[in-house]
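With the working numbering applied, the sequence shown has no gaps in its numbers, which climb one by one up to 84 at the end.
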Amino acid sequence: MTDADANNKTWRGTDQGSQLKSTSGWGSGNGTNTTGFTALPGGFRSYDETCIFLGDDGYWWTASPEGTDMAWIRGMSTAFPAMYRDIFNQGSGLSVRCIKN
């Protein structure tokens, strides 16, 4: 995916999500895990404490804030092989994955 595509909002790319997803746990949308990231579909907890998409989608915080109460996120879904990018309220509960630089 190009840098311009990577920095767009919503679903973009081709199979980058599939490359990050675990080979099991995603129902009919399992990935190839060619990156070794082994992403699992933890869904997220919205700012009003409702759990959404557990078992179907996975969303992770990035290290990039947007203003004082928002931050950029990345996501994957059983329904799409691509990647998702958007801004979420920091009061939401998303997965965290620590990556060593």
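In this text, a Cβ means the ideal position worked out from N, Cα and C, and glycines have one as well.
Buried/exposed call for residue i, threshold 16 Cβ in 10 Å
i: LYS4; result: buried
i: LEU77; result: buried
i: SER98; result: Residue 98 is absent from the structure shown; the chain starts at -16 and stops at 84.
i: ALA22; result: buried
i: PRO24; result: buried
i: ILE56; result: buried
i: SER47; result: exposed
For residue i, the three-state DSSP class (helix, strand or coil)
i: ASP39; result: coil
Closest residue to residue i among the options (Cα-Cα distance)
i: GLY90; options: ALA65, ILE82, ALA54; result: Nothing can be reported for residue 90, as the shown portion of the chain is limited to -16 through 84.
i: THR17; options: ASP(-14), ASP52, GLY10, THR6; result: THR6
i: ILE70; options: LYS83, ASN84, TYR30; result: TYR30
i: TRP44; options: CYS81, ASP(-2), GLY8; result: CYS81
i: GLU32; options: THR(-15), LYS83, GLN73, ALA(-11); result: GLN73
i: ARG68; options: ASN(-9), ALA(-13), THR(-15); result: ASN(-9)
i: GLY58; options: THR15, CYS34, GLY0, MET(-16); result: GLY0
i: ASP39; options: GLY26, GLU49, THR51, GLY50; result: GLY26
**OP:** Kindly provide the ranges of any beta strand (DSSP E) runs that are 3 or more residues long and lie completely inside the region -7 to 79, ordered along the chain.
**Re:** -7 to -5, 40 to 49, 53 to 60, 63 to 72
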